[in-house]
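Asks:
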Amino acid sequence: MLVLHYTGMPDAQSAIDWLANPESRVSAHYVVTEDGEVVRMVAEEHRAWHAGQSWWRGISDINSASIGIEIVNPGHEWGYRAFPDAQIDALIPLMHDIVTRHGITRGNIVGHSDVAPGRKQDPGELFPWGRLARLRLALPRPTKHLMDPLWSDSAFMLALERFGYDIKEPEAAVRAFQRRFRPEVIDGVICGECRAILLALLLPKPTGD
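Now the structure itself:
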């Protein structure tokens, strides 16, 4: 798996210093700064402490099954803002190299909020998932032939769990799904658009993602 985060700290140096401090008990394999510098923090063959308590598609020890990339951004606590082009320009080849070498499918390229919906919001609603999807570095948001399956809320939650999310906190799981695939409205309310998007994501695809 590949898990994308934002640093959620005032600046890049503060984030790098914190990730390098053993007392913090957090780490990541890479940091990508806003001006496009890529800093390797932990060798990929080693376990980094970036995901915490998390779950995705039946995997509960995400740290042992993933590579974590911290993307410098103040986050919602310190003044969340759009990710600069230079930063994403540096992130793309890094991601491409990682997923190619490790055979990571698009369905297992996730945000921290996807694997820990009750605790995390990163990389957040401003993250350019669409740009990554056009390069096959993320699942795209379905836009064509969307049909509301008219599921009950409980059926939607079962489908959301089948897709990959931990649904122990239902509203948080819905918000995480919306943040990723319908970021213009993040209200935790299951609606026809959410049901249609999830159905489209679950339909068989030739890519195997």
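All letters in the sequence shown, in the order written, are residues 2 to 210 by my numbering. Cβ coordinates follow ideal geometry from the N, Cα and C atoms, glycine included.
What residue ranges within the stretch 15 to 41 form continuous beta strand (DSSP E) runs of no fewer than 3 residues, ordered along the chain?
Replies: For the stretch 15 to 41, the continuous beta strand (DSSP E) assignments of 3+ residues that do not extend past its boundaries occur at 31 to 33 and 39 to 41, in sequence order.
Asks: Pull up the CB-CB distance for residue 202 and residue 148, whole angstroms please, since I reckon it's below 8 Å.
Replies: Actually they are not in contact, since the Cβ atoms of residue 202 and residue 148 sit about 13 Å apart, beyond 8 Å.
Asks: Anyone know if the C-beta pair for residue 66 and residue 2 falls short of 9 Å?
Replies: With a cutoff of 9 Å on beta-carbon distance, residue 66 and residue 2 are scored as near each other.
Asks: Report yes if the C-beta distance between residue 75 and residue 11 is below 9 Å; otherwise report no.
Replies: yes
Asks: Determine whether the beta carbon atoms of residue 6 and residue 59 lie at a separation below 9 Å.
Replies: no
Asks: For the ligand FAD, any of its heavy atoms closer than 8 Å to the Cβ of residue 138?
Replies: Looking at this structure, you won't find the ligand FAD or any other ligand, since it has none at all.
Asks: What's the C-alpha gap between residue 162 and residue 116?
Replies: 11 Å
Asks: When the Cα of residue 30 is compared with those of 15, 175, 107 and 96, which residue comes out closest?
Replies: 96
Asks: Measuring only the C-alpha atoms, how far is residue 106 from residue 133?
Replies: Taking the straight line from one Cα to the other gives about 13 Å.
Asks: At the level of alpha carbons, what is the spacing between residue 84 and residue 35?
Replies: 7 Å
Asks: By DSSP, does residue 147 sit in helix, in strand, or in coil?
Replies: coil
Asks: If I measure Cβ to Cβ from residue 109 and keep anything under 6 Å in the same chain, skipping five residues before and after, which residues do I get?
Replies: Closer than 6 Å at the Cβ level, and outside the excluded window around residue 109, lie 2.
Asks: Inspect the CB distances between the stretch 13 to 32 and the stretch 121 to 138 and report whether three or more fall short of 8 Å.
Replies: no
Asks: Quick one: Cα of residue 112 to Cα of residue 152, how far?
Replies: 26 Å
Asks: Between residue 122 and the rest of its own chain, which residues show a CB-CB distance below 6 Å, the 5 nearest in sequence each way excluded?
Replies: 77 and 114
Asks: Looking at C-alpha atoms only, which residue of 53, 38, 64 and 50 is the closest neighbour of residue 94?
Replies: 38
Asks: Does the distance from the C-beta atom of residue 4 to that of residue 20 stay below 9 Å?
Replies: no
Asks: State the CB to CB distance for the pair residue 154 and residue 191, rounded to an integer number of angstroms; the pair is presumed to be in contact (CB under 8 Å).
Replies: Between residue 154 and residue 191, the beta carbon gap of about 5 Å places them in contact (Cβ cut-off 8 Å).
Asks: For residue 118 versus residue 62, is the C-beta spacing smaller than 9 Å?
Replies: no
Asks: Would you mind listing the beta strand (DSSP E) stretches within the stretch 103 to 136 that are 3+ residues and don't spill past its ends, in chain order?
Replies: You should have 110 to 112.
Asks: Please determine, among 103, 8 and 56, the residue with the shortest C-alpha to C-alpha distance to residue 177.
Replies: 56
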